[in-house]
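Contents: one structure, followed by commentary.
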Amino acid sequence: MKHQPRVLIVEDEPAIAELVAVNLRHNGFQPTWAEDGEAAQRELDAVLPDVILLDWMLPGQSGVTLARKWRADARTRAVPILMLTARGDEPDKVAGLDAGADDYITKPFSTQEMLARIRAVLRRRAPEQVTDSVAIGDLQLDGATYRVTFKGQLLKIGPTEFKLLHYFMKHAERVHSRSQLLDKVWGDHVFIEERTVDVHVKRLREALGAAGVMIETVRGAGYRLTAQPLATAAA
Ligand code: CA
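Residue numbers (our numbering): -1 to 233.
Below, the structure written as structure tokens:
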């Protein structure tokens, strides 16, 4: 039987949760529902889902707080998080992405949009797509063990940043536009804004620490990874 991806829905409004769950079930997913952060944590402790649909506005701990917490936890770090937000404004979306969400969906959303976004994060996550190893200077990425090190030091890195870094390292020194990166790294960017790339590049730089300067912004063109950054790590 085909693997049915598990989706943990964290949503306090039963009507929305039920509608989402029904649609997911009809489309080959296994949804479970948690109405708040505590219930969600119990679910996560029991079985890891393939993706988390996380409402922004929840009683108790907010979606952003939960996203931050699950990203910091080794057990849940690699599980993609899709943030559900009722608000459309940009600062909230960026705050959600900053907290560790992989993407966001603005309510109200169609079933088709939700499914497309879930499939996109699942495709993106698939670490089995990256199985080779690549090294640029002191920066090393091992696809088989899903590890990134700089000068031998292990770095904490999220799933999207891992794929992004792999692409940058495989095509070092070349400049990539935001839309090229969406194409190559995200694969399905119908619903993803170019701004999302900037957020993930920012997170990647933070994750790389001293090696973050290797990711250069090329004004008006995009980004590149270089072995000889213009800025120095000391700056
Ligand atoms: Ca809510």
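Heads up, the beta-carbon is just placed ideally off N, CA and C, and yes, glycines get one too.
As the crow flies, the alpha-carbon of Asp10 is around 30 Å from that of Trp184.
For Asp10, the shortest C-beta to heavy atom distance toward ligand 1 is below 7 Å. Within the same chain, and ignoring the five residues on either side of His174 in sequence, the residues whose Cβ sits closer than 7 Å to its Cβ are Gly220, Tyr221 and Arg222. Inclusion of Leu120 and Ile103 in the CB contact set at 8 Å is not warranted, their separation being larger than that value. The residue from Leu17, Glu16 and Arg145 with its alpha-carbon nearest to that of Glu159 is Arg145. With 16 or more neighbouring CB atoms inside 10 Å of its own CB, His164 falls in the buried class. Within a 10 Å sphere around the beta-carbon of Asp101 sit 16 or more other beta-carbons, which makes this residue buried. Within the region 108 to 189, the complete alpha helix (DSSP H) runs of at least 4 residues fall at 109 to 123, 157 to 168 and 176 to 179. Around the beta-carbon of Asp43, fewer than 16 other beta-carbon atoms lie within 10 Å, marking it exposed. The C-beta separation of Arg176 from Val197 comes to about 11 Å, leaving the pair out of contact by the 8 Å criterion. In the three-state scheme derived from DSSP, where H, G and I count as helix and E and B as strand, Arg222 is classed as strand. Relative to ligand 1, Asp100 has its C-beta separated by 7 Å or more from all heavy atoms.
If you draw a straight line from the Cα of Leu162 to the Cα of Gln28, it is about 28 Å long. A straight line joining the alpha-carbon of Ala99 with that of Thr63 spans about 11 Å. Assignment of alpha helix (DSSP H) within the region 52 to 101, counting only whole runs of 4 or more residues, yields 61 to 70 and 88 to 96 in chain order. For Pro47, the closest alpha carbon among the candidates Glu204, Arg66, Asp136 and Leu80 is that of Leu80. Two segments are said to touch when three or more pairs of C-beta atoms, one from each, lie closer than 8 Å; by this definition the region 66 to 78 does not touch the region 12 to 32. Beta-bridge partners assigned by DSSP to Gln28: Arg4. Going by beta carbons, Pro3 and Val49 fall inside the 8 Å limit.
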